[in-house]
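Just below is one structure, and these are the notes that go with it.
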Amino acid sequence: MTRETTRRGFVRGLAGAGTAGAAAGTATAQQETATGGGGGTATDGGGGAAGGGTGTAAGGGGTAAGGEGTAGGGGTAGGGGTAGGGGGEPDFSGWFDDVSNFDGNVVDLRGEESPQVSVGVEANDGYFGFGPPAVHIENGATLTWTWTGRGCPHNVVEQEEVFDSGEPGCEGVGPFEYTFEEDGIYRYVCEPHLQLGMKGAVVVGTDYPTVDTGGGGGPSRPTVPDAARTLGVATSVAMAATLGLAYFFIKFGGDYGEFDEE
Numbered sequence: 001m002t003r004e005t006t007r008r009g010f011v012r013g014l015a016g017a018g019t020a021g022a023a024a025g026t027a028t029a030q031q032e033t034a035t036g037g038g039g040g041t042a043t044d045g046g047g048g049a050a051g052g053g054t055g056t057a058a059g060g061g062g063t064a065a066g067g068e069g070t071a072g073g074g075g076t077a078g079g080g081g082t083a084g085g086g087g088g089e090p091d092f093s094g095w096f097d098d099v100s101n102f103d104g105n106v107v108d109l110r111g112e113e114s115p116q117v118s119v120g121v122e123a124n125d126g127y128f129g130f131g132p133p134a135v136h137i138e139n140g141a142t143l144t145w146t147w148t149g150r151g152c153p154h155n156v157v158e159q160e161e162v163f164d165s166g167e168p169g170c171e172g173v174g175p176f177e178y179t180f181e182e183d184g185i186y187r188y189v190c191e192p193h194l195q196l197g198m199k200g201a202v203v204v205g206t207d208y209p210t211v212d213t214g215g216g217g218g219p220s221r222p223t224v225p226d227a228a229r230t231l232g233v234a235t236s237v238a239m240a241a242t243l244g245l246a247y248f249f250i251k252f253g254g255d256y257g258e259f260d261e262e
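Residues 1 to 262 in full-length UniProt numbering are what the sequence shown lists, from first letter to last.
Below, the structure is given as structure tokens:
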């Protein structure tokens, strides 16, 4: 029996072997993709406050609508934040953008026996501010607003009417008190001076919307899936082996004539 071997035939065989190797790598990568899919779990960002509590007014001549019960959404924050956490930076969603006496700090009044906010402090080109404009108190605490007698008339009205001190007034109004019974962020204004930026906010408890910091600076680097990496390595190895052997046998091999095989 005789057989003729040529360079062309050998190279053709090597090409077939390389193709088979690449196909095997593809199959392996596809199998890894099918079996290695990563399952993630989504976390609920829940927890807005319903805004329960009781409000009272004491002292000469002022009226207060106490806002008992469940005014919807009084402790929620709109836009862009993640719920819950406690200890994170409260998400005010631009509430203080036009408030001159807000420097980004929230005054921590947790643990205070009688937390207070002054009404009519120097701010916004006059005495048109709450001082401090943003405070953090414990759930169940009673916050008291006290009128300074400057920049009058003033009142204290929560954005969604969870609490309301009543008609604007001056020295004869207040102090106004409100007991917070739901966690969240409560935004409030002085109605006569809202356009001047007389606004404040109360952060209550630990379950309130926080700023999503994103976990670091700069864009993240693109990642290559394991399956694609495996496919690339397998294909590269197969091609390198095929080309290397082809070069060797083309350069150093030869055509062989017929020979007898016993």
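Glycine included, every Cβ here is placed at the ideal spot set by N, Cα and C.
For residue 244, the three-state secondary structure derived from DSSP is helix. Short of 8 angstroms from the beta carbon of residue 111, and not among the five residues preceding or following it, lie these beta carbons of its own chain, in chain order: 138.
Sequence-distant partners of residue 213 (beyond 5 residues in either direction) whose C-beta falls short of 7 angstroms from its own C-beta are missing from its chain. Between the alpha carbons of residue 205 and residue 126 lies a gap of roughly 32 angstroms. The beta carbon of residue 107 is closer than 6 angstroms to those of 132 and 135 in its chain, skipping five residues each way along the sequence.
Inclusion of residue 158 and residue 186 in the CB contact set at 7 angstroms is warranted, their separation being smaller than that value. Here DSSP, grouped into helix, strand and coil, assigns residue 191 to helix. Taken through DSSP and simplified to helix, strand or coil, residue 164 comes out as strand. No Cβ-Cβ contact shorter than 7 angstroms links residue 128 with residue 104. The beta-carbon separation of residue 124 and residue 197, rounded to 4 angstroms, stays under the 8 angstroms limit for a contact. Separation of the CB atoms of residue 114 and residue 130 is rounded to 17 angstroms, and the pair is thereby denied contact status at 8 angstroms. The beta carbon of residue 109 is closer than 6 angstroms to those of 115, 135 and 137 in its chain, skipping five residues each way along the sequence.
Counting of Cβ neighbours within 10 angstroms places residue 236 among the exposed residues, the total staying below 16.
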